[in-house]
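A.B. asks: To convert, note that position 76 of the sequence shown is 76 in the UniProt record's numbering; the numbers rise steadily by one, no gaps.
Beta carbons are placed, not taken as given, at the ideal position from N, Cα and C, and that holds for glycine.
What you are looking at is a predicted structure, and each value in this text was computed from that prediction instead of being measured.
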Amino acid sequence: MKRLYPQSLVKQFQFPNTPKFNEFDISAEFNSKGGFWFKEDLNNIKPDEGDIFWTICHELIHGLGFYNGWMGYKNNPIAVIPLPIYVNPDGIVLKNNLFSFGSSFVEFMMDKYTILLSNGTQISQFTQKLNTFFDEYKSNAFSDEFVNSSQFKFAQDLLVLATTPKSLGLLPRNSKNYSIDSFILETSIPFEQGSSLIHVDYKTYINTNDFLMTYNIIDGISTENMILDNGNYSGGPIGPKLKQMMETFGYTTADNPNPYRPQPFKSPPSNVISKPNINSGFRTEMIRNLNVLIIIVSLYLQIHRLLFNIRLT
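What follows is the structure in structure tokens.
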């Protein structure tokens with residue numbers, strides 16, 4: 001199984017030989033005309049302003065790996081598929097290899113923990129079934145062959161799941177009850193690339209201490225007041241379920257000083273460094289450079305500066 005990992009997380013895996021990392025784990029640009037409120041201005045937040053601190057915290061969590069590559073197939077989606085990408089035999093991913101239809105589908109790290117809430121099945125099983133298409137794919141007419149293939153049904157099933165309330169969620173490590181413990185993902189209608197599946201369910205969490213990773217920032221209320229109004233959680237904007245998932249991903253916290261580390265290690269080639277800059281087609285209000293790494297079983301291959309334009313609305 002191929003997966004993309006954020007550089008910040010891979011740094012915590014402690015390779016025997018340190019690969020050449022990009023200078024920054026996360027780069028972000030925020031529109032100065034975005035109607036943001038800054039606490040330092042010492043003015044009360046206005047009804048049409050959004051708290052910049054809320055936005056920054058939200059985007060930071062995305063950059064740390066709370067992200068996936070599920071995308072609508074066609075402009076008016078008739079299916080949902082993972083990110084298609086081609087990894088060269090030497091481990092290098094070139095710009096033209098990204099969003100390369102005709103290449104195998106690749107998951108993001110978060111997909112490892114994404115399950116169907118109806119039965120606990122990992123969404124990775126869909127990726128594996130979809131990738132069997134490439135065992136049979138022979139021509140350059142990807143669209144025609146894929147739509148007419150037996151595997152296409154799995155992509156259609158994914159669209160149904162991605163637009164069915166409370167159908168998908170993130171399961172924390174060592175969970176005993178997926179129906180209770182899961183962090184429910186956003187699956188509202190219609191499927192919105194850049195909003196669906198990479199956020200948590202708005203209706204479930206916006207009025208709880210896990211409001212941060214919903215897709216919509218509420219204008220006119222500060223992050224501090226959101227925290228106070230929703231129980232004054234000691235972790236601030238990082239709610240208990242989000243904290244648990246970040247620990248599951250592999251991040252260290254005071255309550256989890258020894259998080260999961262994949263084993264065994266095989267160091268990436270020292271010369272692996274490519275810098276593709278691509279636009280995924282997401283509608284843009286905020287831009288983040290997401291530095292990612294590919295993991296193939298235990299083989300770590302580095303990609304730098306895969307640019308995703310995302311919409312936070």
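If we define contact as Cβ-Cβ less than 8 Å, is Ala79 a contact residue for chain C?
C.D. replies: Chain labels in this structure do not include chain C; a single protein chain is all it has.
A.B. asks: Does the Cβ-Cβ distance between Trp54 and Pro237 come in under 8 Å?
C.D. replies: Within the sequence shown, residue 54 is the residue found at index 54, counting from 1. Within the sequence shown, residue 237 is the residue found at index 237, counting from 1. Against a cut-off of 8 Å, the Cβ pair of Pro237 and Trp54 comes out as a contact.
A.B. asks: Can the beta-carbon of Gly69 be found less than 8 Å from the beta-carbon of Pro6?
C.D. replies: For the purposes of this step, residue 69 is taken as residue 69 along the sequence shown, with counting starting at 1. For the purposes of this step, residue 6 is taken as residue 6 along the sequence shown, with counting starting at 1. Taking 8 Å as the Cβ cut-off, Gly69 and Pro6 do not qualify as a contacting pair.
A.B. asks: In this structure, how does DSSP classify Leu197 when only helix, strand and coil are distinguished?
C.D. replies: As a working note, residue 197 is residue 197 in the sequence shown. Of the three classes helix, strand and coil, the one that applies to Leu197 here is coil, per DSSP.
A.B. asks: Output the distance between the C-alpha atoms of Ile198 and Pro16, rounded to the nearest integer angstrom.
C.D. replies: Counted from its first residue, the sequence shown places residue 198 at position 198. Counted from its first residue, the sequence shown places residue 16 at position 16. Approximately 32 Å between the Cα atoms of the pair.
A.B. asks: Using the three-state DSSP reduction, which class does Val272 fall into: helix, strand or coil?
C.D. replies: Sequence index remark: in the sequence shown, residue 272 carries index 272 (1-based). Interpretation of Val272 is limited by its pLDDT of 43, a score under 50 that renders its predicted location unreliable; no figure is taken from the coordinates.
A.B. asks: Does the separation of the CB atoms of Asp210 and Gly239 fall below 8 Å?
C.D. replies: Start at 1 with the first residue of the sequence shown, and residue 210 comes out as number 210. Start at 1 with the first residue of the sequence shown, and residue 239 comes out as number 239. Cβ distance < 8 Å, so Asp210 and Gly239 count as in contact.
A.B. asks: Can you grab the Cα-Cα spacing for the pair Met286 / Asn31, in whole Å?
C.D. replies: As a first step, residue 286 is located in the sequence shown; it is residue number 286 there, counting from the start. As a first step, residue 31 is located in the sequence shown; it is residue number 31 there, counting from the start. Any reading at Met286 must be qualified, since the residue scores a pLDDT of 28, below 50, and its modelled position is unreliable; no value is offered.
A.B. asks: Would you call the CB atoms of Thr208 and Leu168 closer than 8 Å?
C.D. replies: Looking up residue 208 in the sequence shown gives position 208. Looking up residue 168 in the sequence shown gives position 168. In this structure, Leu168 does not lie closer than 8 Å to Thr208 by Cβ.
A.B. asks: Take every Cβ of the stretch 129-144, pair it with every Cβ of the stretch 33-49, and state whether three or more of those distances are shorter than 8 Å.
C.D. replies: No, the stretch 129-144 does not touch the stretch 33-49.
A.B. asks: When you compare each of Asn22, Phe101 and Gly120 to Ser179 by their alpha carbons, which one comes out closest?
C.D. replies: Residue numbering aside, residue 179 sits at position 179 when the sequence shown is read from its first letter. Closest by alpha carbon: Gly120.
A.B. asks: Assign Ala79 to one of two classes, buried (16 or more other C-beta atoms within 10 Å of its C-beta) or exposed (fewer than that).
C.D. replies: Counting from 1 along the sequence shown, the entry for residue 79 is found at position 79. Ala79 should be labelled buried.
A.B. asks: Assign Met1 to buried or exposed, taking buried as 16 or more other Cβ atoms, counted over all protein chains shown, within 10 Å of its Cβ.
C.D. replies: Start at 1 with the first residue of the sequence shown, and residue 1 comes out as number 1. The residue in question, Met1, is exposed, as its Cβ has fewer than 16 Cβ neighbours within 10 Å.
A.B. asks: Which of the three DSSP states is assigned to Leu212 in this structure?
C.D. replies: Taking the first residue of the sequence shown as position 1, residue 212 is located at position 212. In the structure shown, Leu212 sits in coil (DSSP, three-state: anything other than H, G, I, E or B).
A.B. asks: Use the C-beta contact count for Leu228: other C-beta atoms within 10 angstroms, 16 or more gives buried, fewer gives exposed.
C.D. replies: Working through the sequence shown from its first residue, we reach residue 228 at position 228. Classification of Leu228: exposed, given that the 10 Å Cβ count is below 16.
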